[in-house]
Every structure is written in C-alpha cells, then in structure tokens.
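Those sequence lines, one after another, are chains A and B.
One rule links them: number in the numbering used here = place in the first sequence (from 1) + 946.
One rule links them: number in the numbering used here = place in the second sequence (from 1) + 21.
Glycine included, every Cβ here is placed at the ideal spot set by N, Cα and C.
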Amino acid sequence: MNSALNSGMAPVATPWFFYSLAGLAVISGVLVITRRNAVHSALALIVTLLSVAGLYLMLYAPFVAGVQIIVYAGGIMVLFLFVIMLVNIDRSSKERRFNRIWPIGLTASCALLALFVSAILKGKTLLNDPITGKPMWPDPMGKLAESSNTQQIASMLYGEVNKVGQYRMGEYTFAFEIASLLLLVAILGAVIMTKKKI
Amino acid sequence: MVPITTFHYLVVAAALFVLGVIGVLTRRNVVIILMSIELILNAVTLNLVAFSRMWGNLHGQLFAIFIVVDAAAEAAVGLGILIAFFRNKETVNVDEIDLLKW
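In structure tokens form, the structure reads like this:
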C-alpha cells in the first residue's frame, strides 16, 4: 500500500471531478428550462440526474447514487417520456415557451438566489469545526482513495451501503413502511386520475 | 487548489434550486414545470447528502432516499393529473388551466 502511495497515483476524488460534474449539472439544468421541445428537456434532465449521481459518489454515498440512477434516470424519466409522447407536443413546441409574467418570475428567482448567496456566505463559519476552525469535512476514505487499492475501497463502500440498509431496517423502519404506503396511494391516485370511467 | 467542502456543494445545490424555481415560475408547459420540480428536489437531496458527509453520519442519506420515494410518488400523481387534464382540454399550457379562476 505504501508503494502505491509513493508511486504518485492521483487521488480519486479530485476537485476537477467535482467542478466538471457540477458544471455539467448546472449547464444541463439550464437546458432543461430553456429548450422548446419537451423531449430535449427530458434528455437534459437525465444528464443532470446522472451528474448529480456522480456528485453523490464523490460524497461517498454509493447507495444514494445507485437509487438516483435506477429510480430517477431509469423510472421517473421513462414516465416523463411516456407522458410527453401521450400529450401533443407539436402544438406547444410552436407556441411561445414562457408565460406572460416571466419577468416577474425571473426577478423573484434572482431575489431568491441573492438570499441563498447571502445566507451561504454569512453562514459559512457554521460549516467549520468549532475547535479547529477548519471546514468540517471528515474523510474516512480519503487515505484509502489515495492508496488506489481498489479492493479496500470497494469493501469500504460496501460497508457504507450495509450501514444504510441497517439504518433503514432499524431506526427508520416506520418511515420506510410509511413510504411504501405513500407509493401505494400514489399508484392508486395515478390509476384513478388516468382512467376514463371509474 | 481549494479542497472541496460542504460550501461548494451548497453553492451547486443553490444554483440547481434556483434553476428549478425559474422553470416553475416562467415556463408554460406543465411537463417542463414538473421536470423543474424534480430539479428542485435534486438540489435539496444534494444538500442532505453533503451535510450527511459533513457530520459523518448516514441520516442525511436516509432522508435523501425518502425524498427520492417522494419524488416518484409526486411524478406519478402529477403526470396522472396532466393526462386527465389533457383529455379534457387538449392543452398542456398552464395559463390555459384557469377553470377555477373567475
């Protein structure tokens, strides 16, 4: 392991990965809200979801990343594409994209952005460790990630997934059951909404 | 190069959130408004996972998974409503959905 450290392997989680994934997410997010054709928006949204999944991997959340890809990019987006095919997009792709009060909406959103920026900048010290004054950012796997020992990284990530499963079936069992009930109600609601005659 | 910390993730999440809000407030197509809501939910989920990493525990990730469940339910019901509406009015534009307005 020491030899791997000394051989100058680049760490897995470099800032460049973060910046490219974040840029991809934001650029395709802009495409989602500006494209005229709804199918193009859906495809851009898939790119956003996949790059956010990459950001989850950088946060050592492999289970959330997998759920993101399977449920969002695999399930919800297929639903969206089906609905886009069912409704008539020819008409709406010829009309104007934005509603009449879009300047007000844009102004309100910019005000929200200003609020977020000031809140993040003012609260930046809250992200620091109160004792050391450095940003709180424990990196249990940082050394391993630098070691490029793939087997150890894999077992560490497997441990994370394992812990998530234990939480879900332990502390969060009730919430899990409520979530399944919510999904059942949503399925029933979707079927009842789309049926012509009940 | 500055090491990546919670701050960076918060900035990205704020950008995605504001993009989603712009989409909800300015677009006319209901399908794209629903996609913008997905963008907003993703921004919140990213925040939760980043804070989960910051505090070194997994509760944030559990919340993120429940938000994904919620997003699936919301998309199913929202698109169901959209199809029911399209069957009646033959349009997907929000500014033509004004039956309750007088």
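Rank the options by C-alpha distance to the C-alpha of residue i and give the top, closest one.
| i | options | result |
| --- | --- | --- |
| B/Val51 | B/Leu120, B/Leu121 and B/Asp116 | B/Asp116 |
| A/Thr960 | A/Ile1138, A/Val1017 and A/Met1004 | A/Met1004 |
| A/Leu1025 | B/Ala96, B/Ile118 and B/Lys122 | B/Ala96 |
| A/Ala1125 | B/Lys110, B/Ile88 and B/Val45 | B/Ile88 |
| A/Ile973 | B/Val33, B/Glu111, B/Pro24 and B/Thr66 | B/Val33 |
| B/Phe84 | B/Ile104, B/Leu62 and B/Ile102 | B/Leu62 |
| B/Ala35 | A/Gly1079, A/Ser1038, A/Leu1129 and A/Ile1066 | A/Ile1066 |
| A/Leu996 | A/Val985, A/Val1010, A/His986 and A/Ala1019 | A/Ala1019 |
| B/His29 | B/Ala64, B/Ile58 and B/Phe107 | B/Ala64 |
| A/Arg982 | A/Gly1079, A/Leu1072 and A/Ile1030 | A/Ile1030 |
Got a sec? Which residues, its chain only, sit under 8 Å from residue i by beta carbon, not counting five neighbours each side?
| i | result |
| --- | --- |
| A/Leu1001 | Phe964, Leu967, Ala968 and Ala971 |
| A/Asn948 | In this prediction, A/Asn948 scores a pLDDT of 40, lower than 50, which makes its location untrustworthy; the coordinate-derived value is nonetheless stated afterwards. Excluding residues within five positions, none has a Cβ falling inside 8 Å. |
| B/Lys110 | Glu117 and Ile118 |
To which residues of the same chain is residue i closer than 7 Å at the C-beta, ignoring the five residues directly before and after it?
| i | result |
| --- | --- |
| B/Met75 | Thr27 |
| B/Ser73 | Leu79, His80, Gly81 and Gln82 |
| A/Val978 | Ser987, Ala990, Leu991 and Thr994 |
| A/Ser953 | Interpretation of A/Ser953 is limited by its pLDDT of 40, a score under 50 that renders its predicted location unreliable; no figure is taken from the coordinates. |
Could you name the residues of the same chain whose beta carbon sits closer than 6 Å to that of residue i, not counting the 5 residues immediately before and after it, in chain order?
| i | result |
| --- | --- |
| A/Leu1103 | Pro1008 |
Could you give the C-beta distance for residue i and residue j, rounded to a whole number, given that I count them as a contact under 8 Å?
| i | j | result |
| --- | --- | --- |
| B/Gly81 | B/Val70 | 6 Å |
| A/Thr1139 | B/Val98 | In the sequence as displayed, the identity of residue 1139 of chain A is Met instead of Thr. Confirmed, Cβ separation roughly 7 Å. |
| A/Leu1058 | B/Val42 | 6 Å |
| B/Leu100 | B/Leu40 | That pair is no contact at about 21 Å. |
| A/Ile1022 | B/Ala105 | A/Ile1022 to B/Ala105, Cβ: 19 Å. No contact. |
| B/Ala94 | A/Ala1132 | 4 Å |
I'd like the span of the alpha helix (DSSP H) that includes residue i, first residue to last.
| i | result |
| --- | --- |
| A/Glu1106 | Thr1096 to Met1115 |
| A/Lys1068 | Trp1048 to Lys1068 |
| B/Val32 | Thr27 to Thr47 |
| A/Pro963 | Residue identity check: residue 963 of chain A is Phe in the sequence provided, not Pro. Run containing A/Phe963: Pro961 to Thr980, per the alpha helix (DSSP H) assignment. |
| A/Val944 | Residue 944 of chain A is absent from the structure shown; chain A starts at 947 and stops at 1144. |
| A/Asn1007 | Asn is not the amino acid found at residue 1007 of chain A; the sequence shown has Ala there. Here A/Ala1007 belongs to no alpha helix (DSSP H), and DSSP marks it neither H nor E. |
| A/Ile1133 | Thr1119 to Thr1140 |
ask   = Using Cβ-Cβ distances below 7 Å, what residues of the stretch 1113-1144 of chain A are close to chain B?
value = Tyr1113, Arg1114, Tyr1118, Ala1121, Ala1125, Leu1128, Leu1129, Ala1132, Ile1133, Gly1135, Ala1136, Met1139 and Thr1140
task = Mind checking the stretch 59-77 of chain B against chain A and listing, in chain order, the residues whose C-beta falls within less than 8 Å of any C-beta there?
result = Glu59, Leu60, Asn63, Thr66, Leu67, Val70, Ala71, Ser73, Arg74, Met75, Trp76 and Gly77
inquiry  = If the cut-off is 9 Å on Cβ atoms, which residues from the stretch 40-58 of chain B count as contacting chain A, listed in chain order?
reply    = Leu40, Gly41, Val42, Ile43, Gly44, Val45, Leu46, Thr47, Arg48, Arg49, Asn50, Val51, Val52, Ile53, Leu55, Met56 and Ser57
Contacting positions in the stretch 1050-1064 of chain A - beta carbon closer than 9 Å to chain B = Ile1050, Gly1051, Leu1052, Ala1054, Ser1055, Cys1056, Leu1058, Leu1059, Phe1062 and Val1063
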